[in-house]
């Protein structure tokens with residue numbers, strides 16, 4: 172480098188002519204074939220290698236959120252796959268970003284909500300968690316805000332992912348305050364909302380990720396990782412059984428345009 176004063180350091184890794192270093196490890200010799208992708212993703216974010224229990228919970232979250240690749244944005248991705256100049260790149264962008272707020276945002280929103288409620292202290296028992304949850308739901312209702320993680324358009328009574336993730340976290344000793352508060356919200360919210368809503372999978376994933384100590388600002392990014400798997404599956408399905416143009420024509424012919 173001409174100017175030795177220029178430095179662009181990174182703690183993630185470096186490459187030279189003979190070696191790629193990642194997280195202080197030799198990528199080819201120490202990581203490939205020995206470290207799973209979920210473990211690597213956790214390690215990159217947390218800056219430390221996760222325990223086997225943390226890997227299990229983290230990868231459970233990634234699998235649970237893969238269904239977000241089945242949402243309407245997957246249809247948008249299939250349509251874009253047919254029309255974008257860089258078809259695969261455009262389709263992935265459409266799918267990953269198109270539904271970011273509604274579908275991916277619940278994981279982040281729930282983790283952020285729970286962390287905010289717990290900011291002033293963690294209760295010692297279930298009664299304390301119930302009292303804290305009741306106050307939080309009451310405050311949200313008074314402000315006319317939704318409580319993130321409550322309700323699901325398909326699973327009206329119970330999201331099948333929620334009890335499984337809570338059980339696995341319990342088995343691994345990782346059912347922490349965020350999950351416990353989330354469960355408490357499930358117990359007390361009918362007292363405030365006058366109806367019972369299921370604790371949805373995106374919300375429980377946010378709670379589990381927060382209990383793993385991962386930054387709430389990055390929780391949407393983990394949902395993006397999971398969605399990518401579903402989107403790639405849909406793009407492969409589009410190659411096997413193309414329906415994108417049929418969807419487009421059906422929507423276009425039935426659309427009512429207004430000024």
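Numbering (the numbering used here), first residue to last: 172 to 430. Quick reminder that beta carbons are idealized off the backbone N, C-alpha and C, glycines included.
Go through its chain and collect everything with a Cβ distance to residue i's Cβ below 6 Å, but skip five positions before and after it.
i: residue 515; result: What the structure shows of the chain is the stretch from 172 to 430, and residue 515 is not part of that stretch, so it cannot be assessed.
i: residue 187; result: none
i: residue 307; result: 288
i: residue 176; result: none
i: residue 326; result: 369
i: residue 390; result: 278, 279, 282, 377 and 380
Helix, strand or coil: which one does DSSP assign to residue i?
i: residue 329; result: coil
i: residue 388; result: helix
i: residue 184; result: strand
i: residue 336; result: helix
i: residue 191; result: strand
i: residue 197; result: strand
i: residue 380; result: helix
i: residue 345; result: coil
i: residue 233; result: helix
i: residue 402; result: helix
i: residue 177; result: coil
i: residue 172; result: Its pLDDT being 47, under 50, residue 172 is placed unreliably in this model, and the value from its coordinates should be taken loosely. Residue 172 falls in the coil class under three-state DSSP.
My guess is that residue i and residue j are in contact by the Cβ rule of under 8 Å, so how many angstroms apart are they, rounded?
i: residue 405; j: residue 371; result: 22 Å between Cβ atoms; not a contact.
i: residue 398; j: residue 266; result: 7 Å
i: residue 361; j: residue 328; result: The Cβ separation is near 13 Å, so there is no contact.
i: residue 194; j: residue 214; result: 6 Å
i: residue 210; j: residue 383; result: Incorrect: roughly 12 Å between the Cβ atoms, too far for contact.
i: residue 184; j: residue 192; result: 5 Å
i: residue 229; j: residue 223; result: Actually they are not in contact, since the Cβ atoms of residue 229 and residue 223 sit about 11 Å apart, beyond 8 Å.
Whose C-beta lies closer than 7 Å to the C-beta of residue i among residues of the same chain, with five residues either side of it excluded?
i: residue 381; result: 282, 285, 286, 349 and 387
i: residue 255; result: 261 and 262
i: residue 396; result: 212 and 233
i: residue 251; result: 261, 262 and 265
i: residue 227; result: 339 and 343
i: residue 419; result: 250
i: residue 196; result: 202
i: residue 416; result: 253
i: residue 204; result: none
Could you pull the start and end residues of the alpha helix (DSSP H) that residue i belongs to?
i: residue 358; result: 348-364
i: residue 368; result: Unbroken run through residue 368: none, as it is neither H nor E.
i: residue 222; result: Taken as a continuous stretch (DSSP letters only), residue 222 belongs to no alpha helix (DSSP H), as it is neither H nor E.
i: residue 284; result: 276-289
i: residue 302; result: 297-313
i: residue 425; result: 415-425
i: residue 208; result: 208-217
For residue i, collect the residues of the same chain with a Cβ closer than 8 Å to its Cβ; drop the 5 residues on either side in sequence, then sort them by chain order.
i: residue 317; result: 311
i: residue 354; result: 300, 337 and 370
i: residue 297; result: 351 and 355
i: residue 330; result: 323, 369, 370, 371, 372 and 375
Hey, out of the options, whose CA is closest to residue i's CA?
i: residue 345; options: 357, 385 and 307; result: 385
i: residue 208; options: 419, 181 and 234; result: 234
i: residue 376; options: 338, 407 and 367; result: 338
i: residue 301; options: 351, 340 and 229; result: 351
i: residue 335; options: 430, 196, 421 and 231; result: 231
i: residue 315; options: 191, 291 and 363; result: 363
i: residue 245; options: 426, 425, 414 and 178; result: 414
i: residue 304; options: 333, 332, 357 and 290; result: 357
i: residue 182; options: 219, 424 and 189; result: 219
i: residue 498; options: 216, 190, 259 and 189; result: One cannot answer for residue 498 here, as it falls past the ends of the chain, which runs 172 to 430.
i: residue 259; options: 229, 412, 309 and 403; result: 403
i: residue 359; options: 408, 309 and 333; result: 309
Just checking residue i against the ligand COA - is the residue's beta carbon closer than 7 Å to any of the ligand's heavy atoms?
i: residue 363; result: In the structure shown, the ligand COA is absent, as is every other ligand, since no ligand is present at all.
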